[in-house]
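Chemist: Pasting a structure below so you can have a look.
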Amino acid sequence: MDRKRILYVDDDEAMLRIVAATLPRLAGVDVVTAATGAHALSLIAGGRFDLFLLDYELPDFDGADLCAEIRLRVGASIPVVFLSGHEDGPQRHAGMAAGANAFLPKPSPPAVIAAGIAPLLRPNAVAEVLQ
Amino acid sequence: MTSRVDPYVAYRLQLLQEGQTLRSFWEQLGQGDLEARERLAKFLHRLHGTSGTYGFDRVSELAHSLREAVVARPPRILEESLVEPLVAALLEASLGQETTEPASP
């Protein structure tokens, strides 16, 4: 069976390194990284992903705007998860209203990030959540 | 694009630089730079999130509490003593004297 493939978007290089180094083992996924929203959208245009993991504050995109743009391009069936230190702020509401499926706090240990995305990587997980 | 360098090794080196960056922002704040507070708050927000993800819990907690102080108080009453614990914690973390590294690859 093919491994799941996730796209992680964050402008913090150290965050990209730790997530790319740990999630393959902890969550059984391949991780593709992007440091900007524009790079993420170009990667989405060129390949298929099973989940999008997004920081909220990006240099070129507000997280909710990027989430809405991803929804426009891929539809509602692929999960979008925020990993952000703004989990208690208005960003959480805006992100979920833009179509995100979950909002994980930053910091979270990599094992907690893996546990947070695992239920959404099951087949038909988003459809189950929406029912 | 990410490199194949051990992320924990790379981040320890980065923490040493973060201590110098923190010092620089703090001095700018003391000199009345009006934008320094926002830059410092953003820097501390990022440091809180990233260091905590790596398991440097003391750095993360101190960055969070210092950010709250920076946002809540006028710069003129931010004493030097507020920043010292985080500077020390950054140095200790970069030297390997504080880490839990729960998920080292």
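These protein sequence lines map, in sequence, to chains A and B. For what it's worth, this note's numbering labels the leading residue of the first sequence as -5, then goes sequentially. For what it's worth, this note's numbering labels the leading residue of the second sequence as -12, then goes sequentially. Ideal placement from N, C-alpha and C gives every residue a C-beta, glycine not left out. None of the values given here were measured: they were computed from a predicted structure.
Could you round the C-beta distance between Tyr50(A) and His87(A) to whole angstroms and report it? I think they count as a contact, below 8 Å.
Modeler: With a Cβ gap of about 12 Å, Tyr50(A) and His87(A) do not count as contacting.
Chemist: On the DSSP bridge assignment, give the partners of Val23(A) in chain order.
Modeler: Val23(A) pairs with Lys(-2)(A).
Chemist: For Ala70(A), does the three-state DSSP call read helix, strand or coil?
Modeler: Residue state, collapsed to three classes: coil.
Chemist: For Leu98(A) and Tyr(-2)(B), I'd like the C-alpha separation in whole angstroms.
Modeler: Distance between the alpha carbons of Leu98(A) and Tyr(-2)(B): 22 Å.
Chemist: Under a Cβ-count criterion, where at least 16 other Cβ atoms within 10 Å of its own Cβ denotes burial, should Leu48(A) be classed as buried or exposed?
Modeler: Answer is buried; the Cβ neighbour count reaches 16.
Chemist: Quick one: give me the first and last residue of the alpha helix (DSSP H) that Ala56(B) is part of.
Modeler: Counting along the chain, the alpha helix (DSSP H) containing Ala56(B) begins and ends at 44 to 59.
Chemist: If distances are taken between C-alpha atoms only, which option among Thr40(B), His51(B), Gly36(B) comes closest to Thr16(A)?
Modeler: Closest by alpha carbon: Thr40(B).
Chemist: Can you give the Cα-Cα distance for Val74(A) and Phe46(A), rounded to whole angstroms?
Modeler: For Val74(A) and Phe46(A), the distance between alpha carbons rounds to 5 Å.
Chemist: Along chain B, in chain order, which residues have C-beta atoms closer than 7 Å to that of Gly79(A)?
Modeler: Chain B residues near Gly79(A): His32, His35, Gly36.
Chemist: Using the rule of at least 16 other Cβ atoms within 10 Å of the residue's Cβ for burial, across every protein chain shown, is Met(-12)(B) buried or exposed?
Modeler: At Met(-12)(B), the pLDDT of 49 sits below 50, so the modelled position is not reliable; the number obtained from the coordinates is stated separately. So Met(-12)(B) ends up on the exposed side.
Chemist: Using 8 Å for Cβ pairs, my map puts Arg10(B) next to His35(B). What's the rounded Cβ distance?
Modeler: With 8 Å as the limit, Arg10(B) and His35(B) do not qualify as a contact, their Cβ atoms being about 18 Å apart.
Chemist: If the cut is a Cβ gap below 7 Å, which residues of chain A does Gly39(B) touch?
Modeler: Residues of chain A passing the Cβ test: Pro101.
Chemist: Nearest-angstrom Cα distance between His51(B) and His32(B)?
Modeler: When rounded, the distance between both Cα atoms is 7 Å.
Chemist: Please classify Ile38(A) as buried or exposed, where buried requires at least 16 neighbouring CB atoms within 10 angstroms.
Modeler: It is buried - the Cβ of Ile38(A) has at least 16 other Cβ atoms within 10 Å.
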